[in-house]
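Residue numbers (the working numbering): 23 to 336.
Just so you know, even glycine gets a beta-carbon here, dropped at the ideal spot from N, CA and C.
Beneath this line is the structure, given in structure tokens, with notes to follow.
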Ligand SMILES: Nc1ncnc2c1ncn2[C@@H]1O[C@H](COP(=O)(O)OS(=O)(=O)O)[C@@H](OP(=O)(O)O)[C@H]1O
């Protein structure tokens, strides 16, 4: 089948040797890192001070970060806010759960975030090996969410093409970079494996989620998430429908229609609107973009890279 909208047709069964690379990516510590962060990573690794009840949401871009931020914020703050007065009604999840400000540690290594109320919730796209030493040695909780790699590529392609002042690759370029492990924060397989292996080694510190499973059974996965975080739902809360209310509130259909997410300006200079974080929110949309030969090619790469790990992608 030829991709309906995209340009990844039958020729993609073999690598495209003239596909473009992203000029704003640097190979650093084994990963493809946006160049503007590279010099901040070592200061962050050395100086960020984790504390035991920190919560860290770790993702590869376009894997379900926004959704997970809304869910974690809602679970942790459910005794503080009702769903009608939660700040999520008028604040994008990326503002409530910020990414680590990597440059902070470059400019001021002794930055003190200890005044943020506990539990502090941070997020990052960094791979596990690149996290700050104190995170690895503390008892804090890390939640990782991954996603079908083909949907991930399509989502990323749409996103970067909606940004301003960035390199805008074609879908085919995105696919080729992904196959080479040169997409932002790639390789996908090493990014996922770092967290996968830690979730096996330290299951009470690292939870490994999948976008598709969260979509398929949001209630069960949200309960699992709450338990992992140390904020389990009580029998009373389950009876009164609290889990379903949080799930419905954080659903794609609800969040995307909030005024702040329809028209609000996104944090950072390059994303023109929060709207860009909400596109279609579907599983398996990639079949409209990739032909079977392209799917086979990347599936084979993944099979080889993940072999023996127990981690698979359908
Ligand atoms: N609440 C909710 N439920 C389900 N899906 C959601 C939700 N919010 C965002 N999305 C979809 O997630 C994709 C964006 O991924 P991220 O949030 O990881 O993007 S980012 O890295 O934070 O920029 C992007 O996927 P695609 O629609 O496939 O592009 C979003 O539409």
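Does the Cβ of residue i have 16 or more other Cβ atoms within 10 Å, making it buried, or fewer, making it exposed?
i           : result
residue 161 : exposed
residue 266 : exposed
residue 67  : buried
residue 281 : exposed
residue 197 : buried
residue 306 : exposed
residue 101 : exposed
residue 195 : buried
residue 72  : buried
residue 284 : exposed
residue 87  : buried
residue 116 : buried
residue 84  : buried
residue 242 : exposed
Kindly indicate which three-state DSSP category residue i falls into: helix, strand or coil?
i           : result
residue 317 : helix
residue 23  : Note on residue 23: pLDDT 34, under 50, position unreliable in the model; the coordinate value appears next. Residue state, collapsed to three classes: coil.
residue 154 : coil
residue 88  : helix
residue 246 : helix
residue 48  : strand
residue 181 : helix
residue 280 : coil
residue 334 : coil
residue 186 : coil
residue 64  : helix
residue 59  : helix
residue 323 : helix
residue 166 : strand
residue 77  : strand
residue 312 : strand
residue 230 : strand
residue 37  : coil
residue 53  : strand
residue 32  : The pLDDT assigned to residue 32 is 47, lower than 50, so where the model puts this residue is not dependable; a value taken from the coordinates is nonetheless given after this. Residue 32: helix per DSSP, three-state reduction.
Can residue i be considered in contact with ligand 1, in the sense that its beta carbon sits closer than 7 Å to one or more heavy atoms?
i           : result
residue 303 : yes
residue 84  : yes
residue 210 : no
residue 177 : yes
residue 54  : no
residue 88  : yes
residue 173 : yes
residue 110 : no
residue 101 : no
residue 273 : yes
residue 316 : no
residue 81  : yes
residue 92  : yes
residue 180 : yes
residue 335 : no
residue 118 : no
residue 239 : no
How about residue i: is its C-beta nearer than 8 Å to some C-beta of chain D?
i           : result
residue 217 : Absent here is chain D; the protein component of the structure consists of one chain.
Contact between the stretch 160-180 and the stretch 73-81: three or more CB pairs below 8 Å? yes
Item to complete: Pick out the complete alpha helix (DSSP H) segments inside the stretch 203-227, 4 residues or longer, and give them in chain order.
Response: 210-223
Length-filtered (3 minimum) beta strand (DSSP E) runs lying within the stretch 105-147:
143-146
Exercise. Is the stretch 327-336 touching the stretch 196-215, taking contact as three or more C-beta pairs under 8 Å?
Worked result: Touching, yes, given that three or more Cβ pairs across the two stretches are closer than 8 Å.
query = Is the stretch 49-63 touching the stretch 138-146, taking contact as three or more C-beta pairs under 8 Å?
reply = no
Indicate whether the contact test is met: 3 or more Cβ pairs, each with one atom in the stretch 251-258 and one in the stretch 90-102, closer than 8 Å.
yes
| On the three-pair Cβ rule with 8 Å, is the stretch 253-264 touching the stretch 199-206? | no
request  = Please determine if the stretch 169-183 and the stretch 230-241 are in contact, where contact requires at least 3 C-beta pairs separated by less than 8 Å.
outcome  = Short answer: they touch.
message: Assess contact between the stretch 294-301 and the stretch 181-188, defined as three or more Cβ pairs (one per stretch) separated by less than 8 Å. Is contact present?
response: Flag = yes, the stretch 294-301 and the stretch 181-188 touch.
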